[in-house]
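Note that this note's numbering has the sequence shown beginning at 30, numbered continuously upward.
Here a beta-carbon is modelled for each residue, glycine too, at the ideal position from N, C-alpha and C.
This structure is a prediction, so every number in the text was calculated from the model and none was measured.
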Amino acid sequence: MGGTLLHLSGLFVCVAATALLIITNLGTTFNSSFLPNVYFVQANFATAYIRFGPYNACLYNGGQVTCTAPKLAQTFDLSSFNIPNVDTSAVDALQTAYKFIVLLIPCTVLAFLSLTGWMTIRRHRNSNRLPIFGAIGSLLGLICGAATLALVIVCHQVPFNLLQSKTSALTYQWGTSLYLLGVGGVGCMLISFILYVTSAIVHKPNNDYTYFQKEEDYIDMTYQSDQAQAEHHRPYY
C-alpha cells in the first residue's frame with residue numbers, strides 16, 4: 030500500500046470516527062433535529078417510553094417530553110420504574126460502573142487527536158515518532174471505546190432483564206448510539222491503529238527527508254542548473 034493511500038485511508042477513518050462519536054455524545058442531550066432519535070437504549074412501557082443517552086434520559090409520554098439535566102456521571106435508579114418486588118441490591122454494583130460511561134469523552138478526544146496525526150504525518154519524514162504516537166492514541170481510543178460499549182450493554186441489559194422478570198409490561202431495544210459507538214469508537218479506532226502501525230513498518234530509513242536535506246538538495250539542484258546553462262551558452266572557438 031502506497032504512503033499516500035495509507036495516509037488518506039487513516040484520515041478518512043478518523044474523520045468518520047470523530048463525526049460518529051460527536052453525534053453519539055450529542056444524542057438525547059439536545060432536543061433538536063434528529064438528536065432525540067440518537068440514544069443508547071429505549072425502555073418501552075404501555076403508554077410511554079424512556080430513552081437513555083450518555084449523559085441524561087428522556088421520558089416520552091404522549092406529546093410530553095421530560096428530560097433529566099445532562100451530567101457527566103449520571104446514575105441508573107431502578108426504583109424510579111415503580112415496579113414492585115425488585116431486589117435492587119443485585120444491580121447496585123452497576124451504579125458505580127454506570128458512571129464510567131463518561132469514557133466516551135476521552136474516546137472522542139483521542140479520535141480527534143488521531144485525526145490530527147494523520148493530517149500532519151508525511152511519507153517523507155525524519156522519524157517514526159508521529160506514527161508511534163498515533164498508534165498509541167488510537168489504541169487508547171479503542172480501549173476507551175470498547176470499555177464504553179461494554180458498559181452500556183451490561184449496565185442496561187442486566188437491570189432491564191431483572192425488571193422483565195418481574196413484569197411483562199416492560200420491553201427494551203437498543204438505539205442508534207450503540208451502533209455509532211461500535212463503529213466509530215471500536216471499528217474505526219482499530220483500523221486507525223493498524224494503519225499507524227503499518228505506516229511505521231513500511232517507512233524506510235532511506236526515505237527520511239529533513240528540512241536541511243531539502244535546503245541542501247535545493248542548493249545542489251540550483252548549482253547544477255546554473256552549470257548546465259553556463260555550458261549551454263558557452264561560445265565555441
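Beta carbon of residue i nearer than 9 Å to that of residue j
i, j, result
"Q193", "V70", "no"
"G213", "A140", "yes"
"L168", "N54", "no"
"L50", "G174", "yes"
"L337", "L210", "Residue 337 lies beyond the stretch modelled for the chain, which goes from 30 to 266, so this question has no answer here."
"T137", "T47", "yes"
"L64", "I52", "yes"
Nearest candidate by alpha-carbon position, reference residue i, set the options
i, options, result
"G92", "T76, F222, H36 and K195", "T76"
"V131", "A164, T149, N90 and V181", "V181"
"T58", "Q186, V94, T125 and T47", "V94"
"I161", "A126, N190 and G146", "G146"
"R151", "L199, F105, L50 and Y225", "Y225"
"H185", "A164, A198 and L207", "L207"
"L123", "I51, T47, V183 and T137", "V183"
"A176", "A45, F129, K100 and P99", "F129"
Other residues of its chain near residue i: CB distance less than 8 Å, five sequence neighbours each side excluded
i, result
"E245", "Bear in mind that the predicted position of E245 carries a pLDDT of just 48, short of 50, making it unreliable; the figure below should be weighed with that in mind. Within the same chain, E245 has no close Cβ partners at all."
"T97", "N85, A86, C87 and Q103"
"T205", "G56, N66, V67 and Y68"
"L199", "A72, N73, F74, F110, I112, F189, L192 and Q193"
"L37", "none"
"A164", "F222, Y225, V226 and A229"
"Y89", "A77, Y78, I79 and R80"
Identity of the residues DSSP links to residue i by a beta bridge
i, result
"F81", "V70 and A86"
"Y201", "A72"
"V94", "Y89"
Contact set for residue i: own chain, Cβ-Cβ below 6 Å, skip 5 residues either direction
i, result
"G166", "L139, L142 and S143"
"I220", "V42"
"F105", "Y127"
"L101", "V131"
"A45", "C217"
Proximal residues to residue i (C-beta, below 7 Å), its chain only, five neighbours per side dropped
i, result
"S61", "none"
"L159", "G146, T149 and I150"
"P135", "C173"
"N157", "A229 and H232"
"P99", "T58, Y84 and N85"
Min CB distance residue i to chain C below 9 Å
i, result
"I230", "Of the protein chains in the structure, only one exists, and it is not chain C."
How about the stretch 83–103 and the stretch 216–235: do they share at least three Cβ pairs that are nearer than 8 Å?
Because the criterion of three Cβ pairs below 8 Å is not met, the stretch 83–103 and the stretch 216–235 do not touch.
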